[in-house]
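Residue numbers (the working numbering), protein chains in the order written: chain H, 1 to 341; chain Y, 342 to 853.
Just so you know, even glycine gets a beta-carbon here, dropped at the ideal spot from N, CA and C.
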Ligand SMILES: Nc1ncnc2c1ncn2[C@@H]1O[C@H](COP(=O)(O)OP(=O)(O)OP(=O)(O)O)[C@@H](O)[C@H]1O
Ligand SMILES: [Mg+2]
């Protein structure tokens with residue numbers, strides 16, 4: 001038996017082949033998502049060559065940009081061991097806010113965007129404070145703010161679309177511009193994804209987020225200020241959701257209290273779970289979530305191209321999620337007893 | 342509840358033959374053949390990671406062997422699950438018992454076997470029954486049958502597990518380090534129980550790292566090393582030296598003897614500290630000094646430690662670090678101020694089980710390993726390697742997930758975390774629980790070196806020889822109060838015990 005000095009593959013649980021172990025190192029989660037994606041692309045592409053057209057690829061990219069942003073925020077929260085189901089409402093509120101501030105400042109897009117992001121930060125902070133200081137379970141807390149933020153958005157907007165940003169160059173650039181041939185929307189997603197990826201993987205902050213999700217008592221006794229991390233992560237998630245809201249405003253040309261943002265929280269959680277985030281916390285990665293976002297985008301797009309009834313699309317997404325999680329659980333050797341972790 | 346016995350046959354109750362088990366690249370067991378006889382206590386010894394728990398898990402159906410077979414009463418059996426083994430009368434008292442937190446002791450004991458009339462059962466009858474069980478087994482008053490599982494001390498959890506095992510028919514009963522969380526008094530009661538079961542014809546397997554216990558209790562001793570059976574000796578014909586040699590494969594240097602340091606000024610001082618669990622506690626720990634905190638399980642020592650590090654509120658009194666008053670709101674304040682705390686329950690309170698040794702060891706030093714919040718990975722690896730090697734953590738690599746390590750090696754990972762942090766004050770709660778002889782000596786000498794470097798060390802331990810061998814000064818607590826302070830020169834087991842049990846002999850049950 002060797003000491004720690006020896007480099008060898010980590011001991012795998014019983015009943016694993018060498019192949020399995022090799023894959024483990026590379027991240028089976030991502031590889032199986034990739035395989036699913038390749039199969040799906042081949043299947044759709046074979047029947048509808050249009051699928052590979054640059055225009056269609058851009059469509060997919062821009063379609064997933066907003067839900068992708070929210071999914072990345074959700075990834076952070078889930079790794080921390082919590083959940084944020086208010087992100088859709090935050091996006092709606094931010095969308096309204098950006099358009100209303102834009103109008104109020106007689107056409108200042110930067111102020112509109114900045115204002116929306118500040119409001120997103122405040123929403124996140126409210127979530128964090130209710131959880132930390134009110135000792136409310138994260139699901140309940142954000143279920144409450146899901147309703148409350150949506151209500152605020154409807155109140156300030158009277159339930160109607162606000163302002164008109166469709167002729168402002170900044171919003172137009174966000175919605176339809178491109179840099180180096182790639183749509184701005186996709187750039188926004190890429191930049192946020194990279195930033196969160198670096199944060200989670202390479203900084204002490206990210207490592208502490210994993211630690212808190214893994215065992216909060218241990219993290220606390222090791223000197224990590226858990227409250228500050230909860231507040232920080234919810235705040236960041238609020239800002240990212242608000243950015244999503246700004247993009248909704250840009251794409252539709254006006255502030256939308258509800259349409260465009262309702263239901264985004266479910267898409268975000270779906271993508272994170274499909275991407276390998278464990279709901280008990282401490283496990284997950286931006287790369288997996290991003291792959292899952294793309295997979296879901298391709299699925300929707302492909303089924304639309306193939307003319308499949310949109311109701312079936314929802315069934316397919318649900319099925320995909322269950323299958324993915326079942327595979328995960330089987331892989332982790334979870335015993336089939338009682339409520340799963 | 343009285344275990345029904347199989348008629349005393351001459352053959353072994355359980356025989357394992359050529360047992361082999363691998364976990365990936367690790368050979369946890371390799372060709373082990375052993376007889377477990379009725380009416381006999383067979384002790385199983387070996388270093389951390391030698392394969393003891395794995396062997397128990399195989400005979401109780403938790404793991405399937407890769408090679409070899411099990412013969413129960415001469416007939417080959419194969420257990421698909423612990424439930425199968427239980428039905429066949431093979432039970433294990435786990436190293437860390439699973440307790441259902443929100444239900445009562447009585448329900449925890451009878452879980453899965455609730456005595457009921459139809460679907461109805463009476464809480465009161467169940468409580469009475471559990472109380473009677475406790476009395477019969479010599480643990481009267483050790484706990485309240487109505488107490489919820491989450492409030493139990495480690496000793497009481499152990500007891501629940503034992504009661505559970507005895508609710509059915511038992512032919513083979515295995516204990517995996519049962520005494521590591523018990524006080525001396527409870528250990529004696531446990532031994533009396535084990536002897537009684539043995540005399541009734543139960544075959545007992547007893548895993549422990551404590552030499553004296555084994556020589557006191559066992560009839561035969563089997564030693565494992567790196568998954569292989571080194572030998573089996575009658576307990577009466579062997580001794581500490583031979584067993585250690587068999588376990589580690591070499592002679593171990595003489596019993597640990599701490600060098601005396603000349604302690605510096607007080608680093609940590611407690612003045613009349615009162616919390617929900619302790620009252621008016623005052624003592625100090627100087628630089629370069631090791632203070633032992635002795636007492637029975639439930640004396641409030643762990644709670645005191647948690648209050649000092651800011652994990653539990655202090656109601657009155659003060660804690661001074663280098664003369665300055667600490668007002669911690671959470672452990673992050675005290676860690677930053679320079680206090681390290683390795684808690685007593687490693688799985689629940691210290692480890693990230695699903696993460697690597699590297700992540701676990703570097704957890705408390707990440708801030709120092711980072712520049713502009715970016716973790717310097719090379720420095721991190723080097724640091725983790727250094728401490729994992731110094732503590733001889735046995736694992737394929739530092740990337741191994743901690744849940745795959747043996748119990749003792751997990752404990753070393755916790756210690757490595759705090760050694761890497763280099764605090765001014767280090768509080769260690771049961772630092773050698775479940776650690777083998779070799780590693781124990783290693784940990785003692787590391788504590789000694791820390792003190793020599795000027796660290797103020799507070800060691801909470803229920804093992805008297807450990808406290809006596811390690812501490813410069815011993816503070817004894819009972820029922821949340823300090824009952825005395827002894828200098829190392831005046832301290833003997835009797836003095837410490839007298840202070841620990843000053844007014845009452847029974848350790849109080851369900852303290853919260
Ligand atoms: N589920 C598992 N997956 C991978 N490796 C394992 C697993 N369980 C045990 N091992 C490895 O098998 C070896 C034997 O472990 P085991 O728990 O039997 O040791 P032990 O003798 O009980 O040690 P200790 O005294 O520390 O409790 C160790 O190297 C351990 O890391
Ligand atoms: Mg063990």
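At least one CB of chain Y closer than 9 Å to the CB of residue i: is that the case?
i	result
residue 112(H)	no
residue 26(H)	Only weak support exists for where residue 26(H) lies, its pLDDT of 48 falling under 50; the coordinates are left without a value.
residue 220(H)	yes
residue 283(H)	yes
residue 224(H)	yes
residue 273(H)	no
residue 227(H)	yes
residue 187(H)	no
Excluding the 5 residues flanking residue i on each side, which residues of the same chain have their C-beta closer than 6 Å to its C-beta?
i	result
residue 822(Y)	620
residue 543(Y)	511, 514
residue 82(H)	138
residue 153(H)	92, 93, 96, 257
residue 755(Y)	683, 687, 691
Consider the Cβ of residue i: report whether some Cβ of chain H lies at a distance smaller than 9 Å.
i	result
residue 695(Y)	yes
residue 673(Y)	yes
residue 692(Y)	yes
residue 595(Y)	With a pLDDT of only 49 at residue 595(Y), under 50, the local geometry of the prediction cannot be trusted, and the value read off the model is given with reservation. So, not an interface residue.
residue 700(Y)	yes
residue 689(Y)	yes
residue 548(Y)	no
residue 714(Y)	yes
residue 677(Y)	yes
residue 703(Y)	yes
residue 494(Y)	no
residue 684(Y)	yes
residue 758(Y)	yes
residue 370(Y)	no
residue 724(Y)	no
residue 611(Y)	no
residue 445(Y)	no
Report all residues from its chain with a CB closer than 8 Å to the CB of residue i; omit the five preceding and five following residues, and keep chain order.
i	result
residue 693(Y)	700, 701, 704, 743
residue 134(H)	141
Return yes when at least one heavy atom of ligand 1 lies under 8 Å from the C-beta of residue i, else no.
i	result
residue 518(Y)	yes
residue 584(Y)	no
residue 311(Y)	This structure gives no information on residue 311(Y), because the portion of chain Y shown stretches from 342 to 853.
residue 92(H)	no
residue 729(Y)	no
residue 108(H)	no
residue 777(Y)	yes
residue 137(H)	no
residue 744(Y)	yes
Would the beta-carbon of residue i be found less than 8 Å away from any heavy atom of ligand 2?
i	result
residue 394(Y)	yes
residue 286(H)	no
residue 872(Y)	The first residue shown for chain Y is 342 and the last is 853, placing residue 872(Y) beyond what the model contains.
residue 68(H)	no
residue 748(Y)	yes
residue 548(Y)	yes
Establish whether the CB of residue i and some CB of chain C are separated by less than 9 Å.
i	result
residue 385(Y)	In summary, chain C is missing from the structure at hand, where the protein chains are H and Y.
Check your understanding: Looking at C-beta atoms only, is the number of pairs between the stretch 716 to 725 of chain Y and the stretch 659 to 677 of chain Y that lie closer than 8 Å three or more?
Key -> no
Practice item. Please name the residues in the stretch 194 to 220 of chain H whose beta-carbon is closer than 8 Å to at least one beta-carbon of chain Y, in chain order. Key: 202, 203, 204, 205, 207, 208, 210, 211, 214, 215, 217, 218, 219, 220
Exercise for review: Check each residue of the stretch 648 to 665 of chain Y: if its Cβ is closer than 9 Å to any Cβ of chain H, include it; give the result in chain order.
Suggested key: 650, 652
Exercise for review: Evaluate the contact criterion for the stretch 602 to 613 of chain Y versus the stretch 625 to 642 of chain Y: three or more CB pairs, one atom per stretch, below 8 Å.
Suggested key: yes
Point to revise | Contact the stretch 271 to 281 of chain H vs the stretch 68 to 81 of chain H: 3+ CB pairs below 8 Å | key: yes
Review point. With contact counted as at least three CB pairs below 8 Å, one residue from each stretch, are the stretch 105 to 116 of chain H and the stretch 205 to 224 of chain H in contact?
Key: no
Practice item. Take every Cβ of the stretch 272 to 291 of chain H, pair it with every Cβ of the stretch 30 to 41 of chain H, and state whether three or more of those distances are shorter than 8 Å. Key: yes
Point to revise | Short-range partners of chain H found in the stretch 501 to 517 of chain Y, where Cβ spacing is below 8 Å | key: none
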